[in-house]
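Working notes, beginning with the structure itself.
In mature numbering (1 follows the signal peptide of the UniProt record, and there is no 0), the protein residues as written are -18 to -1, 1 to 226.
Quick look at the structure:
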């Protein structure tokens, strides 16, 4: 519990800065927690592109493998890049002291990012990077202005161009189909949209691994309460029939 509170204290102030952004209309993230293939692709992207700096330290490799239907051998060979054991928590590869020195602050744990900011915010943020030479890493973000991190998925998406209106509002340039126009990425706009959706899906799962189980159990609870209500009502009528 203490670690959880520390994570929230660290994460919330950093992400709260985004609330004062350019009032960007968030895109809808249609995640599907029943799609294990999407969740595994999201895990793959997270481990290859995000876990070097960010952790999901309230998850364990073994639990993720079980939930996503991944064999322990595949988890070890495909998604574990440190000397961690399969039962360990999923810490980032970079030491905190080095991260603070290189980035100015320790990159936040992302286990709860989707719960703190919402899946639409996260999805839009991952699509909101654009070239800005005034920033230390050469990029900025429409959803999180003055973001202090590089565009970790730049190799996949490339860099987007923007236009700035007279009020200083930044808008990413899109084509006639609503797709972001980028240069230098290895993926098409459609492929990147799917990759970001998969990553968002995985982080939504990370923030609430038992959501599907809890929701399924909830229907059983409601069914029990409905059945109990009928029994209670019939008992009430039986007990009070002589009174009336």
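Cβ atoms here follow ideal geometry from the backbone N, Cα and C, with glycine treated the same way.
As the structure is a prediction and not an experimental result, all values here were calculated from the model.
For residue j and residue i, the rounded distance between their alpha carbons
i	j	result
residue 3	residue 34	Below a pLDDT of 50, predicted positions are generally treated as unreliable, and residue 3, at 49, falls in that range; no measurement from the model is reported.
residue 144	residue 103	19 Å
residue 42	residue 165	37 Å
residue 140	residue 168	7 Å
residue 197	residue 150	44 Å
residue 39	residue 66	12 Å
residue 174	residue 99	21 Å
residue 46	residue 92	15 Å
residue 78	residue 213	58 Å
residue 232	residue 31	Residue 232 lies beyond the range of the chain shown here (-18 to 226); nothing can be said about it.
residue 157	residue 171	10 Å
The alpha helix (DSSP H) enclosing residue i, as first and last residue numbers
i	result
residue 48	43 to 50
residue 107	101 to 108
residue 182	171 to 189
residue 112	Where residue 112 is concerned, there is no enclosing alpha helix (DSSP H), although the beta strand (DSSP E) it sits in stretches over 111 to 113.
residue 203	193 to 222
residue 27	18 to 27
residue 87	Here residue 87 belongs to no alpha helix (DSSP H), and DSSP marks it neither H nor E.
residue 157	Residue 157 -> no alpha helix (DSSP H), and no H or E assigned at all.
Heavy atom of the ligand NAD within 6 Å of residue i beta-carbon
i	result
residue 27	Looking at this structure, you won't find the ligand NAD or any other ligand, since it has none at all.
C-beta contact flag for residue i and residue j at 7 Å
i	j	result
residue 180	residue 69	no
residue 85	residue 184	no
residue 96	residue 189	yes
residue 20	residue 74	no
residue 13	residue 186	yes
residue 50	residue 5	no
residue 89	residue 82	no
residue 101	residue 11	yes
residue 105	residue 22	no
residue 110	residue 125	yes
Cβ distance (whole Å) where residue i is taken to contact residue j below 8 Å
i	j	result
residue 142	residue 112	4 Å
residue 217	residue 15	Wrong, their Cβ atoms sit about 40 Å apart, outside the cutoff.
Reduced DSSP secondary structure (H/G/I, E/B, other) of residue i
i	result
residue 72	strand
residue 38	strand
residue 146	strand
residue 67	coil
residue 138	helix
residue 6	coil
residue 121	strand
residue 95	helix
Residue interval of the beta strand (DSSP E) (run including residue i)
i	result
residue 12	Premise fails: residue 12 is in no beta strand (DSSP E) and is neither H nor E.
residue 165	164 to 166
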